[in-house]
């Protein structure tokens with residue numbers, strides 16, 4: 135999977151699940167702020183990413199991810 | 096398998112709101128419990144277990160799974176941590192169970208971030224799936 | 077089941093696109109003895125049930141909640157401190173299906189929020 139494919143997949147997935155416009159998802163935007171995630175919904179993000187990319191993310195790894203660009207890099211490193 | 100009074104070691108709920116009567120066991124990520132619907136169940140009405148009873152049964156299955164997992168990881172004597180339901184999502188109930196029917200529920204922890212665990216639950220009567228839902232368990236530190 | 081036993085409806089206010097039911101919990105209800113012994117907390121499912129009862133009052137139908145889309149619990153309801161509560165209901169009655177958006181609040185505290193679709197039951 136190319137980086138471009140990861141990005142477009144993540145963006146459409148998150149836009150649908152968290153009911154935001156895809157256009158608000160930009161590489162440098164903060165994930166929690168953009169998707170209005172609280173301490174409870176962060177786990178939805180993990181489950182979604184794990185399910186879609188067949189990876190297993192632990193909470194500590196995910197809490198280091200701040201922006202969408204960091205999320206794309208994180209997924210790329212996990213599936214490599 | 097645990098039944099009757101032994102269930103009280105797994106969950107903090109007591110009569111009249113104990114909604115599991117059998118616990119079949121747990122792995123690191125899954126748990127399975129049962130409930131036979133009795134006429135005197137506090138959530139029964141007109142011969143059926145209402146939605147609240149079904150959801151509480153699922154929630155207590157999650158709590159029992161969590162109780163067993165904590166005991167395994169922290170020792171039998173460890174003080175059980177209280178788990179709260181933070182959120183219920185995508186909860187579909189196909190039909191209400193009738194008196195005498197047995198519900199069997201399997202839960203699976205699919206993701207965890209810090210003290211929040213996402214659980215997927217499926218409830219069956221025989222081979223018929225009657226309910227499914229996602230529950231977020233929030234555990235006290 | 078819950079109505080006039082676990083809780084009572086003490087009043088109602090119609091507002092713009094919503095209704096608010098004022099309710100009062102019965103701290104002596106047996107459910108509080110089991111949830112939990114010495115530490116009474118209204119079970120989340122009872123909070124859902126109270127919303128359902130108010131939605132039934134409002135629509136005049138018995139309801140079956142077959143699709144609970146989302147229900148978020150942000151604050152524990154304790155019958156000691158939070159005996160009197162407000163249930164804020166926004167209903168969309170489409171005939172067979174009633175769409176419910178509701179919350180339980182008191183003052184500035186939000187205890188829970190719920191989104192669900194219920195179907196009308198035939199009265200036996």
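Protein chains in written order, with the working numbering: chain A, 135 to 214; chain B, 96 to 236; chain C, 77 to 200. Ideal placement from N, C-alpha and C gives every residue a C-beta, glycine not left out. Just so you know, these numbers come straight off a predicted model, no measurement behind them.
Would you say residue i lies against chain A (beta-carbon separation less than 7 Å)?
{"i": "residue 154/B", "result": "no"}
{"i": "residue 216/B", "result": "no"}
{"i": "residue 231/B", "result": "yes"}
{"i": "residue 208/B", "result": "yes"}
{"i": "residue 125/B", "result": "no"}
Can you grab the Cα-Cα spacing for the pair residue i / residue j, in whole Å?
{"i": "residue 157/B", "j": "residue 105/B", "result": "10 Å"}
{"i": "residue 150/A", "j": "residue 135/A", "result": "21 Å"}
{"i": "residue 160/A", "j": "residue 142/A", "result": "11 Å"}
{"i": "residue 200/C", "j": "residue 137/C", "result": "Annotation note: pLDDT 49 at residue 200/C (below 50); position unreliable, no value reported."}
{"i": "residue 113/B", "j": "residue 120/B", "result": "17 Å"}
{"i": "residue 181/B", "j": "residue 171/C", "result": "32 Å"}
{"i": "residue 156/C", "j": "residue 133/C", "result": "26 Å"}
{"i": "residue 212/B", "j": "residue 231/B", "result": "6 Å"}
{"i": "residue 210/B", "j": "residue 185/A", "result": "20 Å"}
{"i": "residue 207/A", "j": "residue 165/A", "result": "14 Å"}
{"i": "residue 229/B", "j": "residue 178/B", "result": "15 Å"}
{"i": "residue 211/A", "j": "residue 233/B", "result": "29 Å"}
{"i": "residue 80/C", "j": "residue 134/B", "result": "21 Å"}
{"i": "residue 205/A", "j": "residue 199/A", "result": "6 Å"}
{"i": "residue 223/B", "j": "residue 195/B", "result": "15 Å"}
Write down the C-beta distance between residue i and residue j rounded to the nearest angstrom, noting that I regard them as a contact closer than 8 Å.
{"i": "residue 116/B", "j": "residue 131/B", "result": "6 Å"}
{"i": "residue 208/B", "j": "residue 180/A", "result": "6 Å"}
{"i": "residue 162/C", "j": "residue 96/C", "result": "5 Å"}
{"i": "residue 147/A", "j": "residue 182/A", "result": "6 Å"}
{"i": "residue 126/B", "j": "residue 160/B", "result": "3 Å"}
Taking 7 Å as the threshold (beta carbon to beta carbon), is residue i in contact with chain B?
{"i": "residue 161/C", "result": "no"}
{"i": "residue 188/C", "result": "no"}
{"i": "residue 95/C", "result": "no"}
{"i": "residue 112/C", "result": "yes"}
{"i": "residue 214/A", "result": "no"}
{"i": "residue 180/A", "result": "yes"}
{"i": "residue 79/C", "result": "no"}
{"i": "residue 155/C", "result": "no"}
{"i": "residue 106/C", "result": "yes"}
{"i": "residue 181/C", "result": "no"}
Check the Cβ-Cβ distances between residue i and every residue of chain C, and say whether any is below 7 Å.
{"i": "residue 186/B", "result": "yes"}
{"i": "residue 150/B", "result": "yes"}
{"i": "residue 180/B", "result": "yes"}
{"i": "residue 193/B", "result": "no"}
Query raised in the report: Would the stretch 142–161 of chain B and the stretch 211–226 of chain B be scored as touching if the rule is three or more Cβ pairs under 8 Å?
Result: Enough Cβ pairs lie closer than 8 Å, so yes.
Query raised in the report: Do three or more CB pairs link the stretch 127–139 of chain C to the stretch 170–185 of chain C at distances below 8 Å?
Result: With three or more CB-CB distances shorter than 8 Å, the stretch 127–139 of chain C counts as touching the stretch 170–185 of chain C.
Query - Sequence ranges, alpha helix (DSSP H) only - wholly within the stretch 101–155 of chain B, length at least 4 - result: The DSSP assignment places no complete run of the alpha helix (DSSP H) inside the stretch 101–155 of chain B (cut-off: 4 residues).
Query raised in the report: Quick one: complete beta strand (DSSP E) runs, 3+ long, within the stretch 153–193 of chain C?
Result: You should have 160–169 and 173–182.
**Report entry** Meets three-Cβ-pair contact criterion under 8 Å: the stretch 86–101 of chain C and the stretch 196–216 of chain B
**Finding:** Too few Cβ pairs lie closer than 8 Å, so no.
Report task. Counting only runs of 3+ residues fully inside the stretch 105–141 of chain C, write out the beta strand (DSSP E) ranges in chain order. Result -> Correct list: empty.
Query raised in the report: If you scan the stretch 205–233 of chain B from start to end, which runs of the beta strand (DSSP E) of 3 or more residues do you find wholly inside it?
Result: Runs of the beta strand (DSSP E) inside the stretch 205–233 of chain B: 211–220.
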